[in-house]
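Here the protein sequences come in this chain order: H and U. Per the working numbering, the very first residue in the first sequence carries number 882; after that it's consecutive. Per the working numbering, the very first residue in the second sequence carries number 882; after that it's consecutive. I have placed the structure first, in the form of structure tokens, so that the comments after it can refer back to it.
Protein chains: 2
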Amino acid sequence: MPRLRIALAQTNSCVGDITGNADLIAQWSRRAADAGADLVAFPEMALTGYPVEDLALRESFVDASLAALESTASRLATDGLGGLPVVVGYLDREPGAVPRVGRPAGAPQDAVAVLYGGRVAVRSAKHHLPNYGVFDEFRYFVPGDRLPVLRLRGVDIAVAVCEDLWQEGGPVAVARQVGAGLLLTVNASPYERDKDDVRLELCARRAVEAGAALAYVNMVGGQDELVFDGDSLVVDAAGKLLARGPQFTEDLLVTDVELPEAAAEPPGPGPYDAADGTRIRVEHVVLSQDPAPERAPLPARIAEPMESAAEIYAALVTGTRDYVRKNGFRSVILNLSGGIDSALVATIASDAVGPERVYTLLLPSRYSSDHSVQDAEELVKRQGLHAQLIPIADIVGAFEDRIDIDGLAAENLQARIRGMLVMSLSNQHGHLVLTTGNKSELATGYSTLYGDSAGGFAPIKDVPKTVVWELSRWRNAQAEARGEVPPIPENSITKPPSAELRPGQVDTDSLPAYDILDALLHDYVERDLGRDALVAAGHDPALVDRVIRLVDRAEYKRRQYPPGPKVTGRNFGRDRRLPITSRWS
Amino acid sequence: MPRLRIALAQTNSCVGDITGNADLIAQWSRRAADAGADLVAFPEMALTGYPVEDLALRESFVDASLAALESTASRLATDGLGGLPVVVGYLDREPGAVPRVGRPAGAPQDAVAVLYGGRVAVRSAKHHLPNYGVFDEFRYFVPGDRLPVLRLRGVDIAVAVCEDLWQEGGPVAVARQVGAGLLLTVNASPYERDKDDVRLELCARRAVEAGAALAYVNMVGGQDELVFDGDSLVVDAAGKLLARGPQFTEDLLVTDVELPEAAAEPPGPGPYDAADGTRIRVEHVVLSQDPAPERAPLPARIAEPMESAAEIYAALVTGTRDYVRKNGFRSVILNLSGGIDSALVATIASDAVGPERVYTLLLPSRYSSDHSVQDAEELVKRQGLHAQLIPIADIVGAFEDRIDIDGLAAENLQARIRGMLVMSLSNQHGHLVLTTGNKSELATGYSTLYGDSAGGFAPIKDVPKTVVWELSRWRNAQAEARGEVPPIPENSITKPPSAELRPGQVDTDSLPAYDILDALLHDYVERDLGRDALVAAGHDPALVDRVIRLVDRAEYKRRQYPPGPKVTGRNFGRDRRLPITSRWS
């Protein structure tokens, strides 16, 4: 059987940075050529970044994508890479589309092209459009109805896009009918806890369905609330894993794959029944018929999947690092309370951008316990962060001289003064403010609007409190295993959580124990169970009623919360979308 | 020709308040019966409210809608209204749907039912699903493929839902094929400036296409960022306007319509070619064959469309009133600067909830001019609002004793202290905070995060500054025409706008004149023109570059802005969706 050397370039695009993304494509194509690859593939929308959201509806942006596609094809040839087929995702439009109510303006398409010999050899568009969870593709794209099949070194390679693998029928079904030897898919598949297992299983199943080996290249990096984790992979036609790239890091996964020689007679144009109620045309393009040269086979590279805590932590670090970098910041600032949430966020930030770029504020009030400042100072010392101590009692006093407040309003005032101090120093020095709230707080509204919820990016907004502890322990254990000082003081992990906004306050004054709360929130927020189903699942009925009310009433706060990376489930910013005004619970 | 008396009940549902909405249906059905109606129709999703967003994906919510539909049918019969066909929008699910990737969980449908004789006589679902602008219906619904046709007093009436009218083909095409005498559509069509003209033209055109008279009933009231304006209407088969309901107020539009007698032979079940690539089955249901009784014809009621300023103002008052009421608030609080934005917001609030429920804070700093407090006090006096004066210099001083800031950071500090004072008194007394920023500011980021942008609802966030002035002048002129004192002091309208955060500051230090800015923002934000097209449209190139940069960089602020009613174009919260992290402009 012919053996092809396939390179999967899991690169980190930035939305809208077409020039920078094109540079990435040129650089990694060079590496693929140097590695002797017969073909290199880049992720879905690698040229524009993903998701572009309403930019897809802007004519000038589609024009810019198309111009960059053509210029990248010429540039690759100029660079001596014209003989290397480069498969790249980009933004296109359906030719000759007539404007019509119900179709996205300009008829954009989530497209993939093959660049070869200085020109665009073939182009096609995603057939299945996801419009659930974090995806809104019916808003942005017109579906494609063609499947390109490349003949490369005598092997037929079908090319599809991301969701085409997840839904039944479509390109997978047609790939089988035309007898493709390899199904190549370009993806921008966001990270979610344990999704790597799902992907491998899916790819294996689709390979068997298509009767072809399958190569899957995925994007890497953070983009607002999404984090792409790479995890590119190759399976053979029986679904056996041949190669797997690392998670959360740019990489070129180069794999030798034995593939069947194509039939002498190329497949006809169809249309073929796509087994999903549609028909798909095939465009067969011959790039080269001559077999691949003899060469020593490469050893197979199969990256070990990360363990659960490592994976979540890496997603948080990646999301934070890219949000800082891609938005042009050079440093971050946050309020360190001595508690575990801000300790973990500081540690993530330190791992993301380096401790010398992390500025912390210690802002004790009259209710802060001694250990608050001590624990924060210990963390600062262990990690080598910048720190400034500013007692807030005088400022609280200045407000209380002017207005008459007590209870919750007085508690919120302290949190807001802290938020203002952080924002003021951010404005003065250009640091990005990191918000330290966790998912359990965000769900129940246990936070102060414009207080602890103020900021530009919220690294752990999708991390439940119980997982905050788990990640903190894991990160400390990692350090210990490497013979380093654990970055997080033990006391921040073990002490009872408290907002310290009134004397002797602890979280359990207002909330149940976090293991009980998080289990209930999982069933209500992630699984979307209603009241009766929650009770039937074994949750305490009174607690169910209370927590549902808390969660539903906090929607207005969540709408004003900064973005943060989706990691454990339905991210409140991106993929849980409920009305503020609602009488349903 | 038989004459039918059709009642269109444009009611104000609240999302999730199924019990309250069912009560509304019972009450207005009673009024329709009292008016001698042969049929009454309620808006799209009148039973659940619209839009329900992710509630559609919750099994328990769909169950509750279905249970309420059945119980409403019995209740109407118990109330002696079993003989009145009641057409009502609700949330259903596709029977027997199998879960599948790419389909909304539970296969919900945006449905319409006819209640008659104590039971549900027929049900069907929306065929065309909008997924553009403010709509996300591919996320929530499975399309319907049936058209119910009711035979009522010998006339055939086809029933469709909202978007079925806006897109080509579908129920309109099939209504013609089956020879329906009336096409009845239930709608939740949000307000947008001048949309009433578009609706009438659309209904007239579709009536001609369907070869049938057309009755259009629309929802009324505010729901988060949407405002429904009613504007129900009836046209004859030639497209001539027969009746039109008022805007922004609940109403029962009762109209006598001459309609052709149906053919003796009912239409077959089909399927019929819907001329949109799909086929639709028809369900014909005979409610009554006997002709309508002889009775004196009702005079036609055709409400005059409102003039543009009146219409926008009414949308803002409706949106504000319903946000306050439906979220359980009894009063509002805002910061009065003496400028025009806060003056207009206070006036809207006063018209929405009454001046006795409007609390204002006057918060001068060392940079506030004398006229700021004077103009604010004059407005308070004219409208009879609550007011409290709190100079903020001491509080500014308390911060400046602790941190070393200047320039923009120091300007923002003042705005944030004001935001905190408003929030503190909101927390203490339970007032909803109204945010006073306008669309021009929001677009360019000319505001302080957690300062003037703090709050729960932002009545004029979709109103450009030039329209703020227009509405203020219009509102004053209205008062004068009624012999009342104009609510807004003339000086607030005529003085140059200023944030007053440093000595002698005016908006034009940072922004171009608002007439120039708003024209450019219209082309960039509403029309989505790119840089070159903006220059070609006659905007100054340097200004284009500057404003594009301002708008794109302010996306992170807009994401944290409170909701506000969509009125003039693409609402930044609801229907302009761009990435924060982007290098494209």
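A virtual CB, placed ideally from N, CA and C, is assigned to each residue, including glycine. Owing to the predicted nature of the structure, the values given are computational and were not obtained by experimental measurement.
| Item | Value |
| --- | --- |
| Pro1029/H: first and last residue of the uninterrupted beta strand (DSSP E) it sits in | 1027-1033 |
| Same chain, Cβ closer than 8 Å to Ala1196/U, five either side skipped, listed in chain order | Tyr1072, Val1108, Asp1110, Phe1129, Pro1446, Val1448 |
| Ile887/H - containing beta strand (DSSP E), residue span | 884-891 |
| Residues near Trp1350/H in its chain [Cβ-Cβ closer than 7 Å; skip 5 each side] | Ile1221, Ile1374 |
| Cross-strand partners of Pro1141/U (DSSP beta bridge) | BP columns for Pro1141/U are empty, so no partner. |
| Check whether Asn1012/U and Phe1019/U have beta carbons under 7 Å apart | yes |
| Opening and closing residue of the beta strand (DSSP E) in which Arg1182/H lies | Arg1182/H -> no beta strand (DSSP E), and no H or E assigned at all. |
| Spatial distance of Leu1179/H from Ala1191/H (CA atoms) | 29 Å |
| N-terminal and C-terminal residue of the alpha helix (DSSP H) that Gln1058/H is part of | 1052-1058 |
| As assigned by DSSP and simplified to three states, the class of Tyr1204/H | helix |
| CB contact flag (Tyr971/U, Leu957/U, <7 Å) | no |
| Ala1094/H: first and last residue of the uninterrupted beta strand (DSSP E) it sits in | 1094-1099 |
| Residue of Val1277/H, Val1098/H, Glu1237/H minimising C-alpha distance to Arg1263/H | Glu1237/H |
| Distance CB(Lys1342/U)-CB(Ser1321/U) smaller than 7 Å | no |
| CB contact check: Asp935/U to chain H, cutoff 7 Å | yes |
| Proximal chain H residues relative to Ile1286/U, where beta-carbon distance stays under 8 Å | Ser1305, Leu1306, Asn1308, Gln1309 |
| Under 7 Å between C-beta atoms of Leu1306/U and Ile1273/U | no |
| Residue ranges of each beta strand (DSSP E) within the segment 940-996 of chain U, 3 or longer | 967-974 |
| Contacts that Asn1216/U makes with chain H (C-beta to C-beta distance below 9 Å) | Within 9 Å Cβ-Cβ: nothing; Asn1216/U doesn't reach chain H, min ~13 Å. |
| Closer than 8 Å at the beta carbon, the chain U residues around Asp1413/H | Ser941 |
| Start and end residues, beta strand (DSSP E) containing Thr1241/H | 1239-1243 |
| Of the listed residues Asp898/U, Lys1121/U, Val1303/U, nearest to Leu1270/U (C-alpha basis) | Val1303/U |
| Status (buried if at least 16 other CB within 10 Å, exposed otherwise) for Leu1410/U | buried |
| Cut-off 7 Å between Cβ atoms - residues of its own chain near Ser947/H, not counting five sequence neighbours on either side | Note on identity: in this sequence residue 947/H is Leu, with Ser being the wrong assignment. Taken in chain order, the residues that qualify are Asp973. |
| Contact set between Ser1326/U and chain H, taken where Cβ atoms lie within less than 8 Å | In the sequence as displayed, the identity of residue 1326/U is Gly instead of Ser. None at all; the shortest Cβ gap to chain H is about 13 Å. |
| Within-7 Å CB hit, Ser1463/H to chain U | yes |
| For Glu1164/U, the residue or residues it bridges with in DSSP | Pro1029/U |
| Endpoints, alpha helix (DSSP H) assigned at Thr1066/H | Taken as a continuous stretch (DSSP letters only), Thr1066/H belongs to no alpha helix (DSSP H), being part of the beta strand (DSSP E) at 1063-1068. |
| Rounded straight-line distance, which links the Cα of Val1030/H to that of Asp1075/H | 32 Å |
| N- and C-terminal bounds of the beta strand (DSSP E) containing Gln1269/U | 1267-1270 |
| Cβ contact check for the segment 1360-1375 of chain H and the segment 1328-1341 of chain H: 3 or more pairs under 8 Å | no |
| Whole-number beta carbon distance between Gly1300/U and Tyr1442/H, since they are thought to touch under 8 Å | Not really, about 16 Å apart at Cβ, beyond 8 Å. |
| Ala1094/U to Ala992/U span [Cα, whole Å] | 22 Å |
| Test: Leu1398/H CB closer than 7 Å to a CB of chain U | no |
| Under 8 Å by beta carbon: chain U residues contacting Glu951/H | By Cβ distance, chain U contributes nothing, its closest Cβ being about 18 Å from Glu951/H, past 8 Å. |
| Residue closest to Ala1039/H, alpha-carbon to alpha-carbon, out of Arg1440/H, His1165/H, Gly1311/H | His1165/H |
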